[in-house]
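**Q** Mind having a look at this structure? Questions to follow.
2 protein chains.
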Amino acid sequence: MKVGTAALTVDAAGMRAQNSSLLLNMIWRERQISRAEIARRTELSPSTVSAIVADLEHSGLVRSIGAGVSRGGRRPTLIGFRDDAFSIIGVEMGATHVTVVLTDLRGRVRTHRTASQQVRNDPEGTLKTVRTLVQECLDAERVPRRSVVGLGVAAPSPVHPSSPGKMSPLILPAWRGYDVREALSTTFDLPVFVDNDANLGALSECYWGAGIGGEDLTYIKLATGIGSGHIIHGDVYRGAGGTAGEIGHIAVDSAGPPCLCGLRGCLVTLIGSGALVERARELMGTKGRKAPTVREIVEGARAGDPAARQIIDGLGQYLGVAVAGLLNLLNPAIVVLGGEISSVGDLLLDPLRASVRKRALSTSMAETRIVTSALGDKSIAVGAATLVLQAALRDRTLFPLQHVGKSA
Amino acid sequence: MKVGTAALTVDAAGMRAQNSSLLLNMIWRERQISRAEIARRTELSPSTVSAIVADLEHSGLVRSIGAGVSRGGRRPTLIGFRDDAFSIIGVEMGATHVTVVLTDLRGRVRTHRTASQQVRNDPEGTLKTVRTLVQECLDAERVPRRSVVGLGVAAPSPVHPSSPGKMSPLILPAWRGYDVREALSTTFDLPVFVDNDANLGALSECYWGAGIGGEDLTYIKLATGIGSGHIIHGDVYRGAGGTAGEIGHIAVDSAGPPCLCGLRGCLVTLIGSGALVERARELMGTKGRKAPTVREIVEGARAGDPAARQIIDGLGQYLGVAVAGLLNLLNPAIVVLGGEISSVGDLLLDPLRASVRKRALSTSMAETRIVTSALGDKSIAVGAATLVLQAALRDRTLFPLQHVGKSA
DNA sequence: CTGGTTTCTTCGCAGTGCGAACGAAGTTTT
DNA sequence: AAAACTTCGTTCGCACTGCGAAGAAACCAG
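Residue numbers (this note's numbering), protein chains in the order written: chain A, 13 to 420; chain B, 13 to 420.
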């Protein structure tokens, strides 16, 4: 049951595919590397490496980029990954907006579009908005459909592994009957990958953020809702039912306020944006009559406003309870905090770390770094694109084949 | 970083090794299967399957076991896994005892030995006891060293992935400088695998217990300490520092008693054996002057003693807090409770499930079964042996080669 | 008993990676 | 400046693998 289920058989072609992917990943990772160096690291013979590199070059994924420094003999020819060989589309469906990015194969955003959109109750309108924005991105960069690897989608809902594309009927009841994957796949005739937004935030951090080089990471998204995603052994971990990472409904304070989910004292009722804003209204000299925004709390805290600081302190303390449990249970290498409020940095990290230290084993603490995200507001959409990239780097056949001559 | 690190290159021999392992696993799993059926399922050609099966047969791992039922033509020759081809040794180092089992390749215990042993403060004596018991098991079954695949060890300490064999200096300070793997490997000249006891309990459940057929499971060991182990995608998950699963020190009640670890209200201070016994002394009509044992609590609860029932209820409630957090964070398919106290079954499961229901998202709950272990008191030692089995089924070369003729 | 079906093996073929030999291109030594 | 050495990359024959077609063996149905 556990060993060989997923493993596929190998024939001669499969062997080539495996080694080919291995080399492709190495070249992607190293950005530039010589054939000789690849042969040394992979323990493949030089002749095999040359043959595979020729393959990859012919498919347009890599190219020669001049000579490297000599190690006492002939200078090596450096091979580089062609980040611009293909494009990827990443879509973030937030609570009240849709963001679409078009990235290259290095996670760089080449174009992006955002539109306000009530996602929760308007599947039809949301899909239409997504289609429009995707098309705009493609048109803006004059990217032909055939040079797009695929389309990644971040959804504000858990995604069940057995039916990617369908939203949770409990979180997004209005989406019953809709299948995002199906819908977009038929529209654009491209492979579509869907996952939860926090999971994709985690993937984004693992590839482009605080988790670079690591394989185990937990990302916590602090926003209207509180979600988290785990990267385990380099892969998004979804759990048995796709709801792994639902940190927002961990009961932190059994005497706390009731939550929409029916429980009491959920983390989200204490540190969700709504709770923070509410608390800010109580504490801060809310000049006018309007409730302050998260942005104002951030700015206030940075400016030294004691009320804002107090709110952030409280956030750190509550969050620490959940993070401590997380460290003991999962012992991730890194915990990354994302979401607008995380931009206060140490103002949040200090009370959080103190709170965790009071509640987690020192051994779990020792190995875990807790940091705030340095990626921008498009990190979720980029994470969606990264999901496609990850799949394609593992299975080269996902890259659309295009016969490339000698031209650049 | 995340994709190709672990992947190894493949050559012709590696291709054969992969396919060979795949077949070996299939035969192990199915117990009996024909070449034709293997070819259909794996999509390998009949000729290839025959060749590989001949290989496996020659190495003594499988054998023909007569004809199956016809599907309208020639009757298939069924191939069976030879569970008795090799033996595996499993060692459990508990808090106050050492248990050694000798199993076949199906996790069946052929011989076992147990001895009282203070493990915590006596590394030298513990290792000596282990050596003695292992040798006794080998002698009892007249098993030659060369037919033993390896030796698995369950340790009452987290094991850091980078130094398997070394105990945590915080949990077992007396073991500083000792390396269990090294020590036993040189004594017996066998491969040695070491892991945390709760992790191996989890593995045991996944292979032989409640988790059969699944790939994601969490095991919780209720004993002097409270530990847990996660099986993720069929593998033990150890976390970045090897301390994943330290559920015992999750803070459940911030107003609770202080714990040895320096924190307050740890789960273990509330539901560890010590706490249960202490509470029993308060509540139960402790006939004599001695403190009751866990066994007596179990028997009392079964017999209907209200005090014992109350203790179990409390256990279920506290444990529910931690399990709810676990479900939200990891969303495992199954949670298995082990340890002596778990033998009360529903008496514990009912209050536990109720407690969880009050604290976990219904979506997380829906996909998760919570059960008590049906494996016996040797499940941890068997889990240690299973770790070796798992490794060998993946890498056939771990099976000692022995030239087998046509004999049975 | 005959025709059809299924199982398993045999044998030649195509594809893959390897290794030795070689040429190409630098560096270091003389 | 020339020779000797080192490294890089390619070429080519070899060994091994899995495949597919063909065939033999074993069985069932009529």
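A virtual CB, placed ideally from N, CA and C, is assigned to each residue, including glycine.
#1: What is the DSSP secondary structure of A:Gln44, counted as helix, strand or coil?
#2: Along the chain, where does the beta strand (DSSP E) that runs through B:Leu163 open and close?
#3: Jot down the residue ranges of each uninterrupted beta strand (DSSP E) in the segment 15 to 91 of chain B, minimum 3 residues, whole runs only, in chain order.
#4: Would you kindly check if the distance between the Cβ of B:Asn340 and the Cβ of B:Glu379 is under 9 Å?
#5: Since A:Thr138 and A:Val110 are thought to touch, with beta carbons under 8 Å apart, how far apart are those beta carbons, to the nearest angstrom?
#6: Listed in chain order, which residues of the segment 369 to 386 of chain A have Cβ atoms closer than 9 Å to some Cβ of chain B?
#7: Does B:Thr409 pass the burial test, meaning 16 or more other C-beta atoms within 10 Å, or should it be called exposed?
#8: Any idea what DSSP makes of B:Lys390, helix, strand or coil?
#9: So which residues of chain B does A:Tyr249 contact, with C-beta pairs closer than 7 Å?
#10: Would you please state the rounded distance, in angstroms, between the beta carbons of B:Val348 and B:Leu229? I believe it to be under 8 Å.
#11: Taking the alpha helix (DSSP H) that B:Glu308 falls in, what are its first and last residues?
#12: Flag this pair as touching only if the segment 176 to 191 of chain A and the segment 147 to 164 of chain A have three or more C-beta atom pairs under 8 Å; answer yes or no.
#13: Within this structure, are the beta carbons of A:Leu282 and A:Val310 separated by less than 9 Å?
#14: At 8 Å on the CB atoms, spell out the chain B contacts of A:Asn211, in chain order.
#15: At which residues does the alpha helix (DSSP H) containing A:Gly326 begin and terminate?
#16: Using the three-state DSSP reduction, which class does A:Thr123 fall into: helix, strand or coil?
#17: With a threshold of 16 other CB atoms inside 10 Å of the CB of A:Ile224, please say whether the residue is buried or exposed.
#18: Using DSSP with H/G/I as helix, E/B as strand and the rest coil, what is A:Ala263?
#19: So is A:Asn340 in contact with chain B if we call contact Cβ pairs under 9 Å?
#20: Using only alpha-carbon positions, find the residue among B:Asp207, B:Arg193, B:Val248, B:Asp201 that is nearest to B:Cys218.
#21: List the endpoints of the continuous beta strand (DSSP E) containing A:Thr11.
#22: Assuming B:Glu227 and B:His242 make a contact with CB atoms under 8 Å, what is their CB distance in whole Å?
#23: What are the residues in the segment 212 to 239 of chain B lying within 8 Å of chain A by C-beta distance?
#24: Shortest alpha-carbon distance to A:Val103 belongs to which of A:Glu258, A:Arg406, A:Val400?
#25: Looking at the C-beta of B:Cys149, does it have a partner C-beta in chain A at a distance below 9 Å?
#26: How would you list, in chain order, the residues of chain B whose beta-carbon sits under 8 Å from the beta-carbon of A:Asn31?
#27: Distance cutoff 9 Å, beta carbons only. Does A:Glu258 sit that close to anything in chain B?
#28: Could you name the residues of the segment 54 to 68 of chain B whose beta carbon sits closer than 8 Å to any beta carbon of chain A, in the order they occur along the chain?
#29: What residue range does the beta strand (DSSP E) around B:Glu104 cover?
#30: Within a Cβ cutoff of 6 Å, which residues of the same chain sit near B:Arg321, ignoring the five residues on either side of it in sequence?
#31: Taking only runs of the beta strand (DSSP E) that begin and end inside the segment 366 to 390 of chain B, which ones reach a length of at least 3 residues, in chain order?
#32: In whole angstroms, what separates the C-alpha of A:Glu55 from that of A:Asp23?
#33: Looking at the structure shown, is B:Lys233 part of a helix, part of a strand, or coil, going by DSSP?
#34: Please list, in chain order, the chain B residues whose beta carbon lies closer than 7 Å to that of A:Ala345.
#35: Any residues in the segment 177 to 189 of chain A with a beta carbon nearer than 7 Å to a beta carbon of chain B? Which ones, in chain order?
#36: What are the residues that DSSP puts in a beta bridge with A:Val113?
**A** The short version:
#1: Here residue 44 of chain A corresponds to residue number 32 of the first sequence, with the count starting at 1. Three-state result, A:Gln44: strand.
#2: For the purposes of this step, residue 163 of chain B is taken as residue 151 along the second sequence, with counting starting at 1. Where B:Leu163 is concerned, the enclosing beta strand (DSSP E) stretches over 160 to 167.
#3: 44 to 46, 74 to 79
#4: Indexing the second sequence from 1 puts residue 379 of chain B at position 367. Indexing the second sequence from 1 puts residue 340 of chain B at position 328. Contact: no.
#5: For this step, residue 138 of chain A is matched to residue 126 along the first sequence. For this step, residue 110 of chain A is matched to residue 98 along the first sequence. Indeed, because the Cβ distance is near 6 Å, the residues count as touching under 8 Å.
#6: Lys370, Arg371, Ala372, Leu373, Ser374, Thr375, Ser376, Ala378, Glu379, Thr380
#7: In the second sequence, the residue the question calls residue 409 of chain B occupies position 397. So B:Thr409 counts as exposed.
#8: The sequence position of residue 390 of chain B within the second sequence is 378, counting from 1. Of the three classes helix, strand and coil, the one that applies to B:Lys390 here is coil, per DSSP.
#9: Residue mapping note: residue 249 of chain A aligns to position 237 of the first sequence, counting from 1. Result: Ile244.
#10: By 1-based counting over the second sequence, the position of residue 348 of chain B is 336. By 1-based counting over the second sequence, the position of residue 229 of chain B is 217. The pair is a contact, with the Cβ atoms about 7 Å apart (cut-off 8 Å).
#11: Taking the first residue of the second sequence as 1, we reach residue 308 of chain B at position 296. Start and end: 306 to 315.
#12: no
#13: Looking up residue 282 of chain A in the first sequence gives position 270. Looking up residue 310 of chain A in the first sequence gives position 298. Taking 9 Å as the Cβ cut-off, A:Leu282 and A:Val310 do not qualify as a contacting pair.
#14: On the first sequence, residue 211 of chain A is found 199 positions in, with the first residue counted as 1. Within 8 Å Cβ-Cβ: nothing; A:Asn211 doesn't reach chain B, min ~12 Å.
#15: If you number the first sequence from 1, residue 326 of chain A lands on position 314. Per DSSP, A:Gly326 belongs to the alpha helix (DSSP H) from 318 to 342.
#16: Here the question's residue 123 of chain A lines up with position 111 in the first sequence. The answer is strand: DSSP assigns A:Thr123 an E or B state.
#17: Here residue 224 of chain A is taken as the residue at index 212 of the first sequence, counted from 1. Exposed is the call here.
#18: Translated into positions along the first sequence, residue 263 of chain A becomes position 251. Strand, per DSSP.
#19: Here residue 340 of chain A is taken as the residue at index 328 of the first sequence, counted from 1. It does: the Cβ of A:Asn340 has a partner Cβ on chain B nearer than 9 Å.
#20: Along the second sequence, one-based indexing puts residue 218 of chain B at 206. Comparing Cα-Cα distances from B:Cys218 to each of B:Asp207, B:Arg193, B:Val248, B:Asp201, the minimum goes to B:Val248.
#21: Absent from the structure is residue 11 of chain A, since the part of chain A shown begins at 13 and ends at 420.
#22: Within the second sequence, the letter at position 215 stands for residue 227 of chain B. Within the second sequence, the letter at position 230 stands for residue 242 of chain B. Contact flag wrong, Cβ pair sits at about 11 Å.
#23: Cys218, Tyr219, Ile224, Gly225, Gly226, Glu227, Asp228
#24: Along the first sequence, one-based indexing puts residue 103 of chain A at 91. Taking only the C-alpha atoms, the option nearest A:Val103 is A:Val400.
#25: In the second sequence, residue 149 of chain B corresponds to position 137, counting from 1. So no, B:Cys149 is outside the interface.
#26: In the first sequence, the residue the question calls residue 31 of chain A occupies position 19. Here the neighbours are Thr21, Val22.
#27: Residue mapping note: residue 258 of chain A aligns to position 246 of the first sequence, counting from 1. Chain B contact via Cβ: present.
#28: Thr54, Glu55, Leu56
#29: Position 92 of the second sequence, counted from the start, is the residue given in the question as residue 104 of chain B. Start and end: 99 to 105.
#30: Here residue 321 of chain B refers to the residue found at position 309 of the second sequence. Only Ala313 meet the Cβ criterion.
#31: 381 to 384
#32: Residue 55 of chain A sits at position 43 when you count from the first residue of the first sequence. Residue 23 of chain A sits at position 11 when you count from the first residue of the first sequence. Whole-angstrom Cα-Cα distance: 20 Å.
#33: Within the second sequence, numbered from 1, the residue matching residue 233 of chain B stands at position 221. Three-state result, B:Lys233: strand.
#34: Residue 345 of chain A sits at position 333 when you count from the first residue of the first sequence. Chain B residues near A:Ala345: Ala252.
#35: Ser180, Leu182
#36: Reading the first sequence from its first residue, position 101 is the one you call residue 113 of chain A. According to DSSP, A:Val113 bridges with A:Gly102, A:His124.
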